[in-house]
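Input: a single structure, listed below in structure tokens.
Chains as they are written, first to last, in my numbering: chain V, 7 to 211; chain S, 7 to 211.
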């Protein structure tokens, strides 16, 4: 298998972090430079179907995109440690929190960076008001996480899951525009520092 | 189990369509009126954790939100007909297309309606330029689907899957702003009419 990656980009980093938690080191990594537009070349589009990263190329030629589809496939190959849930109910709770963290926290923060960071302006165009609106949305979600993390070490289960990985990689990406979680959210702050201290945090950086 | 639903809303309709394909008729449906703000009352927020629909309330009191987390849980209870994939590779391909259809087609069309439809202006504020931008994004994704549907009956497998359900419910919702898929996309047009002719299309409407 080959993973087409792009260092520091938030969606590829989800997969790198996920693989590091699994201890997977048998996947060839191919670096694609998004800022140089390498994901928009005809060759890359022909491979990936769309100008998206990450891409997992299987040995039989099957191409997978979408970070969480790739992670779920890797979980089937390497079930332990479990990151998606052990039974239907736990799996549903993990997916619910993963999607909340993705749609209401990570994606808005990614858009805040794209709208707000000069180096990415060529992708989306800079728009400070749009960037602030996305940050505000993300911070509303963080208030939900603050309540969820009261007395808990992880977001969705008694161990790290995809929900934590999606949340922390989205939040880390927003450091590019000097964003930090509000200091009043003490449970979020404790959880965030614990996540950043994990060995897997270095993967893909 | 109880499903908190809202008629015609696109995310609850995914679950209703999914249940209809499964032939599930043993779930109690509770209608919540989004336009009247019933999902924003303190009682509903206390139940759901967030002001979101659909919500599946399990018999043990567990609350699930996020339409696809709910569908995956229902698939575990009612495995046939299979709508998420039969093995890790097919499951990954189905999830990839489901996410592409969600993030690049259904979600932009939902935002196009929210920004573009007067009755929803109280939720988001009307903004015709923002609505058009979202429609343009959705139509770029439809060009990918046009190629994918060449010689195929369904988007991601040899049968209907969550990818088709997410795509068609998103596209149907945009009929509220009189949107239709461009007629030049003949494969998309054929697939769209076939999906709308399925008995499950009536569920939740």
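All residues carry an ideal CB built from backbone N, CA and C; glycine is no exception.
All of these numbers come straight from a predicted model, not from anything done at the bench.
For residue 150(S), the C-beta contacts it makes with chain V under 8 Å involve 55, 56, in order along the chain. Bounds of the beta strand (DSSP E) holding residue 8(S) are 8 to 11.
The three-state reading of DSSP puts residue 71(V) in strand, counting E and B together. Linking residue 66(V) to residue 80(V) through their CA atoms gives a straight-line distance of about 15 Å.
Interface residue (Cβ-Cβ distance to chain S less than 8 Å): residue 70(V) is classified as such.
Comparing C-alpha distances from residue 145(V) to each of 162(V), 102(V), 13(V), 109(V) shows the shortest one belongs to 109(V). DSSP places residue 66(V) in the coil class of the three-state scheme, outside both helix and strand.
Taking 8 Å as the CB threshold, residue 74(V) lines the interface with chain S.
Taking C-beta separations shorter than 6 Å and ignoring five residues to either side along the sequence, the partners of residue 126(V) in its chain run 120, following chain order. Of all alpha-carbon atoms in 162(S), 181(S), 182(S), the one lying nearest the alpha-carbon of residue 197(S) is that of 162(S).
Taking a C-beta distance under 8 Å as the contact criterion, residue 152(S) and residue 193(S) qualify as a contact pair. Of all residues in the segment 134 to 148 of chain S, only 147 come within less than 9 Å of chain V when Cβ atoms are compared, listed by chain position. Three or more pairs of CB atoms, one per stretch, sit closer than 8 Å, so the segment 10 to 30 of chain S contacts the segment 166 to 180 of chain S.
Excluding five sequence positions before and after residue 41(V), the CB atoms of its chain that fall closer than 7 Å to its own CB belong to 125, given in chain order. At a cut-off of 8 Å between beta-carbon atoms, residue 78(S) makes contact with chain V.
At a cut-off of 8 Å between beta carbons, residue 182(V) makes no contact with chain S. Not flagged as an interface residue toward chain V: residue 49(S), since no C-beta distance is shorter than 8 Å. With a beta-carbon spacing of about 18 Å, residue 177(S) and residue 13(S) fall beyond the 8 Å limit used to define contacts. Look at the beta carbons and you see the segment 68 to 86 of chain V not touching the segment 74 to 90 of chain S: under three pairs across the two are nearer than 8 Å. Against residue 28(S), chain V offers no close residue; the least beta-carbon distance is about 14 Å (beta-carbon pairs closer than 7 Å).
In the three-state DSSP reduction, residue 39(V) falls in the coil class, being neither helix nor strand.
DSSP lists 8(S) as the bridge partner or partners of residue 34(S). Taking 9 Å as the cut-off between beta carbons, the residues of the segment 102 to 126 of chain S near chain V are 102, 103, 104, 105, 106, 109, 110, 113, in sequence order. Straight-line spacing of the CA atoms in residue 137(S) and residue 122(S) works out to 5 Å. In summary, residue 36(V) is exposed, with fewer than 16 beta-carbon neighbours lying within 10 Å of its beta-carbon over all protein chains present.
Its chain contains 119, 122, 123 as the residues whose beta carbon lies nearer than 6 Å to that of residue 183(S), once the 5 sequence neighbours on both sides are disregarded; these appear in chain order. The beta-bridge partner set that DSSP reports for residue 100(V) is empty.
The beta carbon of residue 60(S) sits no closer than 8 Å to any beta carbon of chain V. Of the candidates 190(V), 191(V), 188(V), 179(V), the residue whose Cα lies closest to the Cα of residue 202(V) is 179(V). Closer than 8 Å to the CB of residue 98(V) there is at least one CB belonging to chain S. Of the residues assessed, residue 156(V) falls on the exposed side of the cut-off, its CB having fewer than 16 other CB atoms within 10 angstroms. Counting along the chain, residue 50(V) sits inside the alpha helix (DSSP H) bounded by residues 48 to 54.
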